[in-house]
Amino acid sequence: MSGAAASCSLAFNGPTVDVCNGSTILPPSLCPQLACATLPRNDKFSSPFTLHSSLKKRVAFTLAEVLITLGIIAVVAAMTMPTLINKTQNRQLQTAFKKAYSVQSQALLFTKQNLGIENLSAAFAVYDSNNKVYYMANQFYNEYYKYLQINDSCEYEKPVRNYSNTADAYIDVGTSQPNKQLPDGSCANVKINASTINITVDVNGAKKGPNRLGYDIFVFEVNDNDALVPKKTSKKYTDDELEDIKNQYDDQSLATSVPAQAGNPCSIESSQRGNGLGCSWYALNDINPDDETKGYWESLP
9 MSGAAASCSL AFNGPTVDVC NGSTILPPSL CPQLACATLP RNDKFSSPFT
59 LHSSLKKRVA FTLAEVLITL GIIAVVAAMT MPTLINKTQN RQLQTAFKKA
109 YSVQSQALLF TKQNLGIENL SAAFAVYDSN NKVYYMANQF YNEYYKYLQI
159 NDSCEYEKPV RNYSNTADAY IDVGTSQPNK QLPDGSCANV KINASTINIT
209 VDVNGAKKGP NRLGYDIFVF EVNDNDALVP KKTSKKYTDD ELEDIKNQYD
259 DQSLATSVPA QAGNPCSIES SQRGNGLGCS WYALNDINPD DETKGYWESL
309 P
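The opening position of the sequence shown corresponds to residue 9 in this note's numbering, with each subsequent residue numbered one higher.
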């Protein structure tokens, strides 16, 4: 190699650079791995050791590529965000439900202690057939509401809907629109009917949605042991069966109310106006009423 015995030189589109002898560009240990030669001054040498940024290929996205990528991200977000939002809302409803159930249970215990009564239903769910009234009801109501510290009334701007969202809700064993507001913004109502003490709660209040039975509005009852228990579906009726029940009553009010609530319905398949009346048990135990392999809150219809 003529003129290169004592030197190893590379050309970088400029003056010849000595990379082996006395150079600070590369350590001497790398010189034996390079083919020593003096390249012509204008030849470009492509090497991982090239220091000139002008010899590197610059990588960039075109405007079209950026727009396509953003479009894909937007589509994915549009597909996933509603699901994420629903899951978050359902978790919030579940938390509010558990809190409301705890508050109402404590109120019942407080009422029982203050009244000094062993069997609340036997004492207060007594119907006077002559006057058609539960004559002891107000005493229970006043004591119960005292513990809840009612500070305002709950007003609903639109009718409450049933569990399957197929009709405006109707229940008379409790109420579809609990009208007593608690300090935390939730709503409650106590109603003695059908010889039972029924307690309805709206776990997040009238101003927040969805205001549907089985979503944020639930009905409980006081059992013979003075415990607050959730209502549960006792039977799923077909449309033909409900029509038969309706035809049994000459009284129009009964022909409306009884089929609407028959079996304490809680099913996506039910169109009864009282659908959601029996959802409290499923919500408390986190069991889907139509598919026991799924959770209640994760699969709200």
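Glycine is no exception: its CB is placed at the ideal position from the N, C-alpha and C atoms.
Evaluate residue i with the Cβ neighbour count: other Cβ atoms within 10 Å of its Cβ, from every protein chain shown; 16 or more gives buried, anything less gives exposed.
{"i": "P167", "result": "exposed"}
{"i": "A85", "result": "exposed"}
{"i": "A68", "result": "exposed"}
{"i": "L116", "result": "buried"}
{"i": "S110", "result": "exposed"}
{"i": "N296", "result": "buried"}
{"i": "L63", "result": "Bear in mind that a pLDDT of 48 at L63, under 50, signals an unreliable position, so the model cannot answer this."}
In angstroms, rounded to a whole number, what distance separates the CA positions of residue i and residue j?
{"i": "P309", "j": "P218", "result": "12 Å"}
{"i": "G303", "j": "N293", "result": "9 Å"}
{"i": "Q157", "j": "P191", "result": "7 Å"}
{"i": "G193", "j": "A72", "result": "51 Å"}
{"i": "L101", "j": "T264", "result": "30 Å"}
{"i": "R99", "j": "W305", "result": "7 Å"}
{"i": "Y164", "j": "K95", "result": "25 Å"}
{"i": "Y245", "j": "Q280", "result": "9 Å"}
{"i": "V74", "j": "T88", "result": "21 Å"}
{"i": "T231", "j": "N127", "result": "The residue you asked about is not Thr; residue 231 is Asn in the sequence shown. If I take the Cα positions, the gap works out to 9 Å."}
{"i": "I253", "j": "N212", "result": "35 Å"}
{"i": "K140", "j": "T183", "result": "19 Å"}
{"i": "N255", "j": "L262", "result": "10 Å"}
{"i": "V237", "j": "S172", "result": "23 Å"}
{"i": "Q112", "j": "A202", "result": "20 Å"}
{"i": "K240", "j": "V181", "result": "13 Å"}
{"i": "W289", "j": "A130", "result": "24 Å"}
Can you name the start and end residues of the alpha helix (DSSP H) that residue i belongs to?
{"i": "I253", "result": "247 to 254"}
{"i": "V168", "result": "Run containing V168: none; DSSP gives neither H nor E here."}
{"i": "N293", "result": "288 to 293"}
{"i": "P267", "result": "260 to 269"}
Mind checking who residue i pairs with in its DSSP beta bridge?
{"i": "Y142", "result": "Y135"}
Tell me which residue opens and which closes the beta strand (DSSP E) that residue i is part of.
{"i": "A196", "result": "195 to 201"}
{"i": "D210", "result": "204 to 210"}
{"i": "L236", "result": "236 to 238"}
{"i": "V181", "result": "That residue, V181, is in no beta strand (DSSP E); it is neither H nor E in DSSP."}
So, does the region 143 to 155 touch the region 177 to 187, judging by three or more C-beta pairs under 8 Å? Verdict: no, contact absent.
Do the region 196 to 208 and the region 265 to 276 meet, that is, are 3 or more Cβ pairs less than 8 Å apart? In the pairwise beta carbon analysis, the region 196 to 208 is classified as not touching the region 265 to 276: fewer than three pairs are separated by under 8 Å.
Flag this pair as touching only if the region 212 to 229 and the region 281 to 299 have three or more C-beta atom pairs under 8 Å; answer yes or no. Contact holds: three or more Cβ-Cβ distances are below 8 Å.
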